[in-house]
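Residue numbers (this note's numbering): 234 to 540.
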Ligand SMILES: Cc1ncc(C[n+]2csc(CCOP(=O)(O)OP(=O)(O)O)c2C)c(N)n1
Ligand SMILES: [Mg+2]
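Shown next, in the form of structure tokens:
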């Protein structure tokens with residue numbers, strides 16, 4: 234078992250590996266990956282899921298359907314860290330015809346199904362949970378999905394299906410980062426009140442801070458002993474881009490990886506990594522004024538040097 238401190242340490246390293254993967258590949262949904270870090274660390278290292286990296290197809294393993302397939306960098310790196318495969322494999326991320334697709338691919342050990350067509354993971358998870366019940370098997374099925382996935386009707390069809398079949402071996406974890414692609418969910422089509430919605434569909438509901446590992450582990454501590462015959466949804470409030478303030482909560486950073494030297498340095502600095510000096514561009518300035526000096530005319534606007 235890991236201590237809480239060690240789990241946060243792992244979360245930090247997962248963020249770092251995820252950022253570097255997106256920088257190297259010049260692609261990847263970085264912010265979608267960062268919001269789900271503590272959830273993944275808790276599931277795989279916090280004693281919640283039964284799994285065996287040396288035997289990915291172990292028949293009694295808990296199944297984890299990672300429905301937010303665009304957030305693949307986080308889980309690819311996590312599975313490598315767990316020991317499902319060597320870390321060097323992840324260098325193949327986003328290569329044409331490679332096993333590590335930009336959207337999650339089941340060619341990777343530890344990945345149950347390919348995802349990326351949003352709203353489908355929960356249906357597969359419910360089917361697995363029903364199969365386990367019919368076969369009287371004790372493993373649980375987890376499904377991690379994005380909040381924007383709740384715009385898909387298939388999610389609510391499954392919500393009815395799972396409640397109807399009393400799937401108390403199904404646990405859905407929602408990465409509630411409040412953002413879809415272009416805007417905040419409550420500006421697009423509002424999703425709240427989410428707790429009431431899931432309760433009315435017949436689910437047991439918990440709502441927690443999705444960056445607080447202790448809360449996540451506590452919320453999952455009784456999953457195998459529950460007497461209730463309802464499926465469980467755990468709504469985890471998170472921040473899209475968590476860990477890097479300059480790209481957090483910014484729709485423009487959806488589906489984006491830092492590519493310019495300045496953005497790469499900004500992200501590394503945001504994570505608390507040693508600032509990497511930005512090379513002076515050669516020749517004429519490229520047009521971006523950049524602000525490196527505070528001047529009198531800035532007055533008290535709060536603009537700090539190098540901010
Ligand atoms: C069925 C479907 N519709 C649209 C898309 C395009 N798309 C990719 S990511 C995304 C936003 C997903 O938002 P959310 O589920 O909240 O995940 P987040 O990136 O915020 O973690 C969308 C709409 C898709 N992949 N699949
Ligand atoms: Mg979202």
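Every residue gets a Cβ at the ideal spot worked out from N, C-alpha and C, and that includes glycine.
query: Taking the DSSP output, what are the residues bridged to residue 417?
result: 412
message: Measuring only the C-alpha atoms, how far is residue 501 from residue 252?
response: 8 Å
task: Go ahead and label residue 291 buried or exposed: buried means 16 or more other beta carbons lie within 10 angstroms of its beta carbon, across all protein chains shown.
output: exposed
- prompt: Any chance the CB of residue 410 is under 7 Å from a heavy atom of ligand 1?
  reply: Yes, the Cβ of residue 410 comes within 7 Å of a heavy atom of ligand 1.
field: Cutoff 7 Å; reference residue 519; Cβ partners in own chain excluding five residues on either side
entry: In this prediction, residue 519 scores a pLDDT of 36, lower than 50, which makes its location untrustworthy; the coordinate-derived value is nonetheless stated afterwards. Nothing meets the Cβ criterion.
- prompt: How long is the line joining the alpha carbons of residue 368 and residue 340, rounded to whole angstroms?
  reply: 27 Å
message: For residue 415, tell me which candidate among 301, 485, 388 has the shortest Cα-Cα distance.
response: Of the residues 301, 485, 388, the one whose Cα lies closest to the Cα of residue 415 is 485.
message: Buried or exposed, going by whether 16 or more other CB atoms sit within 10 Å of the CB of residue 237?
response: exposed
- prompt: Roughly how many whole angstroms lie between the Cα atoms of residue 293 and residue 373?
  reply: 9 Å
message: My output table needs one value for residue 304: the three-state DSSP class, helix, strand or coil.
response: helix
field: Distance, residue 352 Cα to residue 307 Cα
entry: Cα-Cα distance, rounded: 19 Å.
task: Pull up the distance between the alpha-carbon of residue 487 and that of residue 243, whole angstroms please.
output: If I take the Cα positions, the gap works out to 24 Å.
field: Own chain, CB closer than 8 Å to residue 234, minus 5 neighbours either side, in chain order
entry: 280
query: Could you give the distance in angstroms between the alpha-carbon of residue 192 and the alpha-carbon of residue 464?
result: Limits of the chain in this structure are 234 at one end and 540 at the other, which puts residue 192 out of reach.
Assumed close pair residue 449, residue 267 - CB separation to whole angstroms, cut-off 8 Å: Incorrect: roughly 16 Å between the Cβ atoms, too far for contact.
message: Extract the residue ranges of the beta strand (DSSP E) inside the segment 395 to 479, only unbroken runs of 3 or more that lie entirely within it.
response: 403 to 409, 437 to 442, 465 to 470
field: Whole beta strand (DSSP E) elements within the segment 336 to 403, 3-residue minimum
entry: 374 to 379
query: For residue 335, is the classification buried or exposed, using 16 other Cβ atoms within 10 angstroms of its Cβ as the cut-off for buried?
result: buried
query: What is the DSSP secondary structure of residue 298, reduced to helix, strand or coil?
result: In this structure, DSSP gives residue 298 an extended state, which the three-state scheme calls strand.
- prompt: Looking at the structure shown, is residue 486 part of a helix, part of a strand, or coil, going by DSSP?
  reply: helix
message: Whole angstroms are fine: how far does the CA of residue 410 sit from the CA of residue 417?
response: Put simply, the backbone Cα of residue 417 is about 9 Å away from that of residue 410.
query: So, do the segment 354 to 366 and the segment 308 to 318 have three or more beta carbon pairs nearer to each other than 8 Å?
result: Under the three-pair Cβ rule at 8 Å, the segment 354 to 366 does not count as touching the segment 308 to 318.
message: With distance defined between alpha-carbon atoms, name the residue in 386, 404, 399 nearest to residue 377.
response: Residue 377 has its Cα closest to that of 404, out of 386, 404, 399.
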